[in-house]
Structures are given as structure tokens and as C-alpha cells.
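The structure is reproduced here in C-alpha cells:
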């Protein structure tokens with residue numbers, strides 16, 4: 011079950027109409043909608059109803075008798091639910107019925123006490139003694155009654171449900187904020203038992219914090235059963251499942267990190283502060299020392315005025331340089347010679363642009379560099395001239411542009427002929443560039459590409475087309491290594507949901523076609539988190555097909571490019587022994603003279619030293 015995802019229970023109740031095969035069909039339908047569980051009801055018909063002259067009682071007693079299923083049949087339904095990966099539950103209305111059910115109770119995973127018996131202390135106590143989950147609906151009872159009866163069990167395995175027992179419950183009678191009141195009483199898990207005309211109220215209940223949703227499942231909402239009108243058919247249960255899964259992503263938690271798209275948009279759309287002159291003694295600086303311009307490379311005016319205007323600068327700015335937090339921080343001293351040796355020994359490098367490789371080589375000579383190309387650079391006449399900046403002992407990789415002219419995403423199998431043609435030409439020219447560098451340094455040049463778009467086509471169809479294309483394109487030594495991707499990436503400020511190379515099915519295809527990939531560890535963590543899988547398990551499935559690494563840490567589903575050691579991955583030591591090139595991709599590592607890259611290299615070096623010491627001790 012996904013983190014924060016509401017649990018959906020399909021209440022079968024009497025909607026099977028006393029027909030075991032119809033009941034089995036409803037159970038199977040519930041499984042198809044990924045319900046957490048199914049629930050049934052039991053009354054000992056022979057003793058449950060007393061003769062009454064009330065018309066309502068006569069109708070209800072006749073309906074209960076008509077829809078009665080034997081205990082053995084109910085057990086068979088529980089077995090079926092379990093075989094389909096669901097939990098099964100039973101509602102009892104009397105202790106006597108629970109006792110009649112006897113050992114058959116062992117076949118069920120949870121029990122439910124209906125609203126009418128919310129204050130039935132004896133029944134609740136007896137069910138809790140089974141040590142199984144017990145759920146209680148509270149419809150028709152005041153806060154005082156609920157508090158007096160149920161808070162006695164607050165430390166037990168009790169889940170409490172808000173419920174309005176009208177069949178159906180008309181819009182306006184739900185009072186969903188009572189869910190919060192139940193939480194205030196101290197109950198950790200609160201649900202909503204729905205008798206509404208449709209699933210709309212269930213969605214609202216999820217949004218305000220209902221952890222459990224119980225809803226009647228029927229084959230026909232227009233049927234003649236007593237509960238049909240307050241039930242949903244399977245199509246709506248599948249919608250409930252969809253929204254419940256999305257609810258986890260939508261709600262998140264109270265503490266979140268801005269995602270990559272947000273950060274990029276704040277940078278591009280916001281304004282920053284740029285020094286008006288060189289090397290001024292800015293110990294006593296003010297807003298007038300800066301020009302306010304876009305993009306926001308460093309800090310905003312608001313951040314400066316609120317937190318930094320009275321603080322001393324430890325680093326002076328050059329004219330045109332963006333003011334950032336770094337200038338207010340004492341400079342960390344790194345042993346660049348040691349980090350250079352570490353980088354070369356472990357093939358760890360940094361991303362560069364064609365125009366700034368000399369700058370970063372001077373900053374820290376890793377000997378490993380990844381050229382991040384733009385569309386215009388690939389098609390420029392001076393592309394091959396940049397090879398003069400490459401040394402013979404360098405290790406080089408090349409990252410394909412993500413965009414084509416006109417902000418089109420690179421897609422060599424696009425259904426749009428122009429995009430497909432332009433993408434293939436871009437890849438061809440990049441391979442020629444790789445060959446040119448390879449001829450100079452006599453080393454393999456990995457080419458990294460991001461292929462992400464399905465455009466409504468089936469995954470299997472797109473993957474087959476892509477693998478066929480790459481199989482032909484990679485027939486020479488200048489191979490394309492598709493990059494493992496997150497679901498939510500920085501493209502267009504985070505507005506594009508990526509749908510290839512980020513799911514289990516993609517792992518299966520990669521292994522099936524024996525395709526080598528660039529394993530971006532940050533992206534691996536993000537996509538595994540989205541699928542509620544283990545990134546380490548995915549890594550173990552992919553490690554035989556890794557031709558290249560990208561290194562950055564991650565948090566959640568969109569916390570991209572975090573500092574090494576600060577996220578879900580933590581220790582990167584196990585990856586450093588690989589003979590493949592590893593490129594650091596921490597977010598904005600190149601800002602402020604590459605201090606982010608230095609920090610990352612230092613952390614990796616320390617992690618490797620600790621790993622080697624631990625390994626030596628174990629041996």
C-alpha cells in the first residue's frame with residue numbers, strides 16, 4: 011500500500027442478493043479495482059428478528075432473509091479475497107452472532123461494528139479480544155456517546171469511522187468535518203463509511219484526512235436491493251482507486267522540498283541581485299550596491315532584506331556577480347590535489363559546457379568531464395573546434411540536448427515527422443562529434459540521451475520502436491545510453507510527466523534487449539519512490555546493464571539533484587568501484603565557482619575512505 015494512500019474497502023453487504031456466484035463476482039471486481047479489502051455482514055436469521063407489526067421491520071427482515079448466505083459460503087468468499095490479494099472482513103450486530111460464527115472468524119482479517127451498535131461495549135470488547143483489526147462506525151451518535159464508549163479502546167487496535175446512516179445520504183447531510191472531531195478525540199486512524207449517491211463525497215473525505223473509505227459495491231445501482239441506491243458499480247470503484255493513488259501524491263506531507271521545476275521557474279522568472287562594481291569592500295553593503303535583474307541566480311531582494319542586509323560578507327563580489335548565501339558563509343577549504351587524485355582513480359567527473367571546460371579544469375582537475383550540449387551547439391560550424399580543449403588523458407562523455415529548436419523534446423521515434431527527422435539528425439551529428447574526440451584521446455565516448463515520450467501510444471509499442479532504432483544507431487562504437495528518468499522532471503518547469511525509462515516494465519525491456527543505460531541514481535530513487543518500490547532492488551536488476559553513471563541524491567518523487575549524502579541514497583560508496591564513468595549532477599553544482607562540485611567530491615571521497623576501512627576490517 012502506497013504511503014498516505016487511503017485504504018478502500020468494498021462493502022459487499024447484501025448486494026449479492028443471496029447468490030454465492032454473484033458474491034464471488036463482486037469480490038473479483040473489487041480486486042480488479044485494487045481494493046484493500048472486502049466486507050460482508052452476518053446475522054443469525056433464525057434468531058435475529060423478533061416479530062413486529064412495524065412495516066419497516068417487516069421489509070428489512072424479509073430482505074435480510076432473502077440475501078442470507080451460509081457461514082461456509084462466507085468463509086469461501088474470504089478465501090477467494092485472500093487469493094486475490096485482499097483482506098476480508100465481517101460485520102456483526104450482536105455478540106451472540108459472533109459466537110455462532112465461532113471458529114469461522116479465523117478466516118477473516120478484520121471485523122466491523124455498524125453504527126447501530128456503536129455503543130455496544132460487549133460486542134466491541136469481544137471483537138478486540140481476537141487481536142484483529144476492529145472498525146466501528148459512529149453514525150447516529152452524539153460526540154458524548156462516542157467519547158463515553160469508544161475512548162475506552164483508544165489504545166487498542168480500533169479504527170473509527172464517520173458515517174451518516176441514510177440510504178442514500180443526500181448531499182448536505184455528510185458533515186465531513188466531523189472526521190477532524192474524531193481525530194481530536196485521540197483516534198489515530200479515522201475513516202469514512204459512505205452511503206452517498208456517488209463517490210464525490212469519498213474524495214472529499216480523503217482530502218481532509220480520512221485514512222479509510224468504505225463504500226458499498228453493487229452490480230446495479232438501479233437494482234431493487236435495499237443498499238443498491240447508496241452503492242457504486244465497479245467503474246466508480248476504479249475511479250476511487252485512481253483518485254486514492256493520486257491522493258497520496260497530491261497530499262504529500264507537511265514538510266516538503268521545492269521540486270526541480272519550482273526551483274527552475276523561480277530562477278527563470280524571479281529577479282536576483284547583481285553587484286554594480288568590482289571588489290568593493292562590502293562589509294557595509296546595502297541594496298543600492300546591486301542591480302536587480304532576471305534571472306534569479308542567487309538570492310531574492312526579499313530574502314536579502316529580511317535575513318542578510320545586516321550580515322557581513324566573507325567573500326567580495328565581482329562586478330555583475332549574483333549575490334548568494336555563499337558570500338555570507340565562511341569559505342570551506344578543500345584539498346583540491348587530494349580530490350583530483352580521488353576523481354581520477356574512481357573515474358568521477360563533472361558536467362561542463364564546451365566554453366567552460368578550461369575554467370573547471372583549473373578549479374578541480376578531475377580528468378573526467380561530460381559535455382552538456384545545446385541544440386545550437388550541435389548544429390554550429392565550430393563544434394569540432396572545441397575538441398582542442400580536450401586532453402589526451404581525459405575521460406569524456408557527451409550528454410545529448412534535451413530540446414530541439416522550438417522547445418520540442420528530442421524524440422527519434424516521434425509520430426511527428428519533423429521532430430523525428432530533426433532528432434535523428436541531432437543524434438547523428440553528436441555521434442560524429444564523439445568519434446572526433448575518440449580519435450584524439452583513443453577512448454570510448456558514452457553518449458547519454460533522455461527518451462521519455464509515449465504521446466498516448468502503448469508502452470510496449472514505443473519501447474519496441476525505440477529499441478529497434480537504438481539497435482541500428484548503436485551498431486558502431488559511439489553508443490547512445492538512454493538515461494534512467496524520474497516521473498516528474500525539470501522539463502518546461504516541471505510541467506511534463508515522463509513516461510519511459512522509469513518503471514519496472516522498462517527494466518524488463520532493458521534486460522530483454524540487453525541495452526546498456528546511463529543509471530542516474532537520483533532519478534532511480536525518484537522513480538522507484540513514485541512506484542512505491544525499492545531503488546536498491548531496481549538497481550540490482552539493472553546493474554548488469556549500466557554503461558554510465560550520474561550521481562546525485564534524491565528525496566521523495568521530485569526532490570531532484572540533492573547534495574551527495576543528503577537524501578534517500580545516502581552512501582554512494584558501492585557505486586564508486588565501478589569502472590564506468592561517473593558524473594556528478596548535483597543541482598547548480600556549477601554555481602559560485604563550482605563549490606557544489608567540490609563539496610560533492612569531498613563527500614564521495616570521505617564515503618569511499620570509510621567504506622574501504624570498513625571492508626578492510628571485515629576481511
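Residue numbers (my numbering): 11 to 629. Beta carbons are placed, not taken as given, at the ideal position from N, Cα and C, and that holds for glycine.
From which residue to which residue does the beta strand (DSSP E) around residue i run?
i, result
"residue 528", "527-530"
"residue 225", "222-227"
"residue 194", "Run containing residue 194: none in the beta strand (DSSP E); it sits in the alpha helix (DSSP H), 188-194."
"residue 80", "It is not in any beta strand (DSSP E) - residue 80 carries neither H nor E in the DSSP assignment."
"residue 563", "563-565"
"residue 183", "Run containing residue 183: none; DSSP gives neither H nor E here."
So the candidates are the options; which of them puts its Cα closest to the Cα of residue i?
i, options, result
"residue 381", "400, 224 and 152", "400"
"residue 125", "591, 152 and 227", "152"
"residue 421", "542, 394, 37 and 509", "509"
"residue 101", "143, 461 and 51", "51"
"residue 582", "84, 614 and 427", "614"
"residue 340", "356, 321, 576 and 458", "321"
"residue 312", "330, 334 and 363", "334"
"residue 362", "603, 81, 462 and 436", "603"
"residue 455", "250, 223 and 409", "409"
"residue 236", "27, 94 and 127", "27"
"residue 390", "364, 344, 207 and 565", "364"
"residue 195", "180, 161, 532 and 173", "161"
"residue 43", "204, 54 and 20", "20"
"residue 282", "330, 246, 250 and 238", "330"
"residue 120", "133, 104, 111 and 142", "142"
"residue 301", "318, 316, 332 and 479", "332"
Once the 5 residues before and after residue i are set aside, which same chain residues still bring their CB inside 8 Å of it?
i, result
"residue 606", "573, 596, 597, 598, 599 and 600"
"residue 277", "305, 306 and 307"
"residue 554", "521"
"residue 64", "In this prediction, residue 64 scores a pLDDT of 46, lower than 50, which makes its location untrustworthy; the coordinate-derived value is nonetheless stated afterwards. Excluding positions up to five away in sequence, the list is empty."
"residue 348", "615"
Which residues in the same chain have their Cβ closer than 6 Å to the Cβ of residue i, if we skip the five residues on either side of it in sequence?
i, result
"residue 346", "374"
"residue 168", "144"
"residue 672", "Nothing in the structure corresponds to residue 672, since the chain is present only between 11 and 629."
"residue 29", "none"
"residue 433", "420, 421 and 422"
"residue 537", "496, 497 and 512"
"residue 356", "586"
"residue 530", "493, 494 and 560"
"residue 239", "178"
Since residue i is in the alpha helix (DSSP H), which residue starts that stretch and which ends it?
i, result
"residue 96", "Where residue 96 is concerned, there is no enclosing alpha helix (DSSP H), given that its DSSP letter is neither H nor E."
"residue 371", "367-373"
"residue 38", "30-42"
"residue 602", "601-628"
"residue 177", "Residue 177 -> no alpha helix (DSSP H), and no H or E assigned at all."
"residue 553", "Looking at the DSSP string, residue 553 is not in any alpha helix (DSSP H), and its letter there is neither H nor E."
"residue 572", "Where residue 572 is concerned, there is no enclosing alpha helix (DSSP H), although the beta strand (DSSP E) it sits in stretches over 569-572."
"residue 584", "583-586"
"residue 215", "210-217"
Going along the chain, which residues of its own chain have a beta-carbon closer than 7 Å to the beta-carbon of residue i, five neighbours each way excluded?
i, result
"residue 540", "497 and 567"
"residue 129", "151, 155 and 159"
"residue 350", "374, 375 and 376"
"residue 197", "164 and 170"
"residue 484", "490"
"residue 411", "383, 384, 385, 388, 420 and 436"
"residue 407", "380, 455, 456, 458, 558, 591 and 593"
"residue 66", "Reliability fails at residue 66, whose pLDDT of 44 lies under 50, so the model's placement of it is uncertain and the value that follows must be treated cautiously. Taken in chain order, the list of residues that qualify is empty."
"residue 83", "30"
"residue 303", "281, 282 and 284"
"residue 220", "16, 189, 200, 201 and 202"
"residue 548", "517, 534 and 538"
Is there at least one non-hydrogen atom of the ligand PLP closer than 6 Å to the beta-carbon of residue i?
i, result
"residue 163", "By its list of ligands, the structure shown contains no ligand whatsoever, and the ligand PLP lies outside what it can speak to."
Could you tell me which uninterrupted alpha helix (DSSP H) segments, each at least 4 residues in length, are contained entirely in the stretch 107-174, listed from first to last along the chain?
-> The alpha helix (DSSP H) runs of length 4 or more contained entirely in the stretch 107-174 are, from start to end of the chain, 131-138 and 153-160.
Every unbroken beta strand (DSSP E) inside the stretch 336-371 [3 residues or more] | The stretch 336-371 contains these whole beta strand (DSSP E) runs: 358-362.
Should the stretch 395-409 be called in touch with the stretch 618-629, which here means at least 3 C-beta pairs below 8 Å?
-> The stretch 618-629 and the stretch 395-409 do not touch, with fewer than three beta-carbon pairs separated by less than 8 Å.
Runs of alpha helix (DSSP H) lying entirely within the stretch 453-528, each at least 4 residues, in chain order = Qualifying alpha helix (DSSP H) stretches, in chain order: 469-483 and 514-523.
Determine contact between the stretch 582-594 and the stretch 322-332, defined as no fewer than three beta-carbon pairs at a distance below 8 Å.
-> The answer is no - the stretch 322-332 does not touch the stretch 582-594, with fewer than three Cβ pairs under 8 Å.
Going along the chain, which unbroken runs of the beta strand (DSSP E) with 3 or more residues stay wholly within the stretch 385-427?
-> Entirely contained in the stretch 385-427, the beta strand (DSSP E) runs reaching 3 residues are, in chain order, 405-409.
Could you tell me whether the stretch 229-236 touches the stretch 211-218, where touching means 3 or more Cβ pairs closer than 8 Å?
-> Touching, no.
3-residue-minimum beta strand (DSSP E) runs that sit fully inside the stretch 294-337, ordered along the chain = You should have 300-303.
Quick one: any contact between the stretch 548-563 and the stretch 521-538, if contact means 3 or more CB pairs under 8 Å?
-> Here the stretch 548-563 makes contact with the stretch 521-538; the two share three or more CB pairs at distances below 8 Å.
Would you call the stretch 463-479 and the stretch 410-418 touching, i.e. three or more CB-CB distances under 8 Å?
-> Proximity of the stretch 463-479 to the stretch 410-418 falls short of the contact definition, fewer than three beta-carbon pairs being nearer than 8 Å.
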